[in-house]
Structure formats: C-alpha cells, structure tokens
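Structure first, commentary second.
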Amino acid sequence: MSQQVRVRVPATTANLGPGFDALGLALRLYNVVEMQRRDEPDDIIVLTGEGETTLPRDATNIVVQAADVLFREVGLRRAGLQVQLINNLPLSRGLGSSAAARVAGLMAANELAGRPLNQAALLRLATQLEGHPDNAAAALLGGLVSSCLDEDGSVHAVKLTVSHPPRFIVLIPDIEVATHAARDALPHSVSLRDAVFNVSRACLLVSALVTGDRAALRAALRDRLHQPYRSRLMPWLDAVIAAAIDAGAYGAVLSGAGSSVLAMADEPTADIANAMLQTLRAAGHHGSVRTLEIDEEGAVIE
Ligand code: HSE
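In the working numbering, the protein residues as written are 11 to 312.
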C-alpha cells in the first residue's frame with residue numbers, strides 16, 4: 011500500500027453541443043491532488059488556486075468525500091488524511107471541476123488502498139457521484155469520450171481518436187453557474203423532432219471529429235435539448251455563439267452546463283476570442299479566453 015500519492019486530472023468539456031450527457035472531451039488544463047495517510051485521526055487540507063477562499067477544508071470537501079466513498083466501497087477504515095489541492099480549473103464554469111475533484115479523490119484513495127478497483131469501477135463510482143458520465147469518463151480516460159449510463163448504474167465509455175483536431179477556444183465568463191441550477195432549467199420532456207435534431211447531430215459530430223470532416227463539424231455543433239433552456243440563465247449565450255461563428259468558428263456551444271462557451275475553429279483564433287469577449291462585455295460581463303488542446307492521457311498517478 012502507498013503512503014502518499016499525487017494525481018493529475020484534466021479539465022473536461024461536456025455535451026459539445028448536441029451530445030447532452032453523452033460526450034466529453036478532456037483539455038490540457040489540470041488540477042493536482044496530493045494525498046497522504048496520517049497517523050492522527052483528523053484531516054489536514056491545504057488548498058491553493060481556484061476556490062482557495064471558498065472551498066471547504068474539511069470532510070465536506072468533495073475530493074475527501076470521493077476518497078471516503080472509495081474507502082467505504084473497498085471496506086477500509088481510514089485514519090486522517092493530509093490532502094493538498096492545487097486547483098487550476100475554474101469552478102462552476104462548465105469545465106468539469108467537480109468531476110476532476112471526484113475522479114482525483116477516488117483515484118488517490120484507490121492508490122492509497124493498494125489499487126483494489128480498476129478504471130471501470132472508478133468510472134462507475136465517479137458517475138454515481140456526478141449523476142452523469144460525460145465529464146467523469148473524459149476526465150478518467152482523456153481524449154474524446156462517448157458514454158452512456160445503464161439503469162443499473164453501469165457505465166459504457168469509449169475513447170475516440172480525433173483526427174486533425176480543430177482549435178478549442180474557450181470563453182470563461184466571470185459568472186458562476188451551478189450545474190444543479192442549469193439542470194433544473196431543463197424540461198422533463200422534449201419533442202421527437204428535437205430529439206432527432208440532437209441524435210443526428212451528436213452522431214454527425216462524433217463522425218466529424220473522428221474523420222476531420224469540417225463541413226460535418228459545422229453542421230453538427232448545434233443543440234435543442236439544453237442550450238435553448240439554459241440561455242434563459244445566460245441570456246448572452248446565443249449572441250456569443252453567433253459572434254464566434256461570424257468571426258470564423260465552425261460553431262460554438264455551451265461547455266457542460268456553462269458558463270463557459272467552447273468554439274471550434276482552425277485559424278485565426280484571436281479574432282474569435284476577441285469577438286466572444288466583446289459580445290460578452292456588451293452584455294455587461296467580463297471573462298477570459300483560453301485556447302486549449304486535447305488531453306489524451308486522462309487522470310494519471312504522477
Ligand atoms: N452533461 C452535464 C450537463 C454536464 O450539461 O448538465 C455538466 O456537468
């Protein structure tokens with residue numbers, strides 16, 4: 011059994027427009043968690059970066075909660091933990107910070123426990139904690155991942171290879187959107203027409219990213235299952251998407267539950283970044299833009 015472990019977990023963008031709760035993509039921006047056993051019963055949690063003034067430093071921290079789920083699952087009682095969190099993922103912005111925290115907690119605890127669970131079992135637990143598999147699957151596996159959740163809690167996840175990846179330009183507004191609020195904004199049922207609109211584009215999007223077909227990518231980056239409802243919480247969303255497309259993006263979509271917006275393009279990315287930022291500013295908000303590449307490794311023990 012290890013006494014100490016360091017886990018690095020990537021940011022993830024979920025949905026990618028039409029693939030609501032089904033598609034996720036890992037991006038090269040990382041949180042790091044170091045976890046160590048203590049002989050004493052109490053936990054020591056040190057936190058730097060995103061959330062350092064707001065996140066809890068006790069057993070309610072979701073990294074520690076996830077670790078405790080793992081220890082319970084494998085029947086281990088633990089003493090205290092010393093945990094260091096180095097957070098680079100912005101919180102409540104649709105870039106998978108909660109999935110990263112949970113995956114990191116599960117993986118770190120699994121390592122400390124002597125690695126009793128395999129990746130599939132970790133994904134099942136991470137999905138239970140998240141409620142949907144898209145961010146968790148991409149955070150664990152890396153790359154572009156399609157996934158689904160069975161009624162019995164089993165998760166199927168397949169990692170795909172993106173050929174000729176476009177640039178991923180991420181607008182990160184200074185606005186937090188809680189995932190539960192963004193999910194509460196969704197309807198309980200949708201029309202068959204809207205379901206077909208999304209199913210066809212989700213399939214096309216996967217094909218477009220796997221083959222590098224840019225015309226298909228342009229057609230696929232649209233959604234009728236979540237964005238129209240969530241734009242009531244983020245009234246600037248449609249204008250930001252339109253600005254990105256006007257500036258040359260193949261399309262732009264809400265990243266996860268928001269508030270970030272993900273545009274896909276080849277060159278020139280600076281025009282698209284500026285267009286999105288200016289449109290957000292015109293709506294009275296600030297933000298920043300990052301151009302990120304795909305992370306192919308997923309969560310790793312360093
Ligand atoms: N698929 C999820 C959603 C991702 O859109 O609500 C957010 O974590």
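Where is the CB? At the ideal position from N, CA and C, for every residue including glycine.
Keep in mind that this is a model prediction, so the values were computed, not measured.
**Any non-hydrogen atom of the ligand HSE within 6 Å of ARG315 CB** = What is shown of the chain runs 11 to 312, which leaves residue 315 out entirely.
**Request:** Indicate the three-state DSSP secondary structure (helix, strand or coil) for GLY163 in the structure shown.
**Result:** coil
**Message:** Following a CB-centred definition, is ASN128 positioned closer than 6 Å to any heavy atom of the ligand HSE?
**Reply:** no
**Request:** Ignoring anything shorter than 4 residues or poking outside the region 196–269, list the alpha helix (DSSP H) runs there in chain order.
**Result:** 202–221, 224–230, 237–240 and 247–256
**Message:** Any heavy atom of the ligand HSE inside 6 Å of the beta-carbon of ASN25?
**Reply:** yes
**beta strand (DSSP E) runs wholly inside the region 83–113, at least 3 long, in chain order** = 91–97
**Prompt:** Do you know whose CA, among VAL271, THR64, ASN120 and LEU133, lies nearest ARG16's CA?
**Reply:** ASN120
**Item:** Terminal residues of the beta strand (DSSP E) in which GLN145 lies
**Value:** Inspection of the sequence shows that residue 145 is occupied by Asn rather than by Gln. Not the beta strand (DSSP E): ASN145 falls in the alpha helix (DSSP H), residues 144–151.
**Asked** Tell me which same chain residues have a C-beta within less than 6 Å of the C-beta of VAL84, skipping the five on either side of it?
**Response** ALA123 and PRO126
**Prompt:** Would you report the Cα separation of PRO66 and ALA188, rounded to the nearest angstrom?
**Reply:** 17 Å
**Rounded C-alpha distance that separates ASP204 from ARG234** = 6 Å
**Prompt:** Where in the region 48–73 do unbroken runs of the beta strand (DSSP E), each at least 3 residues long, occur, reported from the N-terminal end onward?
**Reply:** List check, beta strand (DSSP E) in window: 54–59.
**Message:** Quick check: is any heavy atom of the ligand HSE less than 6 Å from the C-beta of ASN145?
**Reply:** yes
**Prompt:** Can you find a heavy atom of the ligand HSE that lies under 6 Å from the Cβ of ASP31?
**Reply:** For the ligand HSE, at least one heavy atom lies less than 6 Å from the Cβ of ASP31.
**Asked** Smallest Cα separation from ARG87: which of PRO238, SER107, PRO51 and LEU57?
**Response** PRO51
**Asked** Counting pairs of Cβ atoms below 8 Å between the region 216–228 and the region 256–263, do you hit three or more?
**Response** yes
**Message:** Could you compute how far the alpha carbon of ASP305 sits from the alpha carbon of VAL180?
**Reply:** 15 Å
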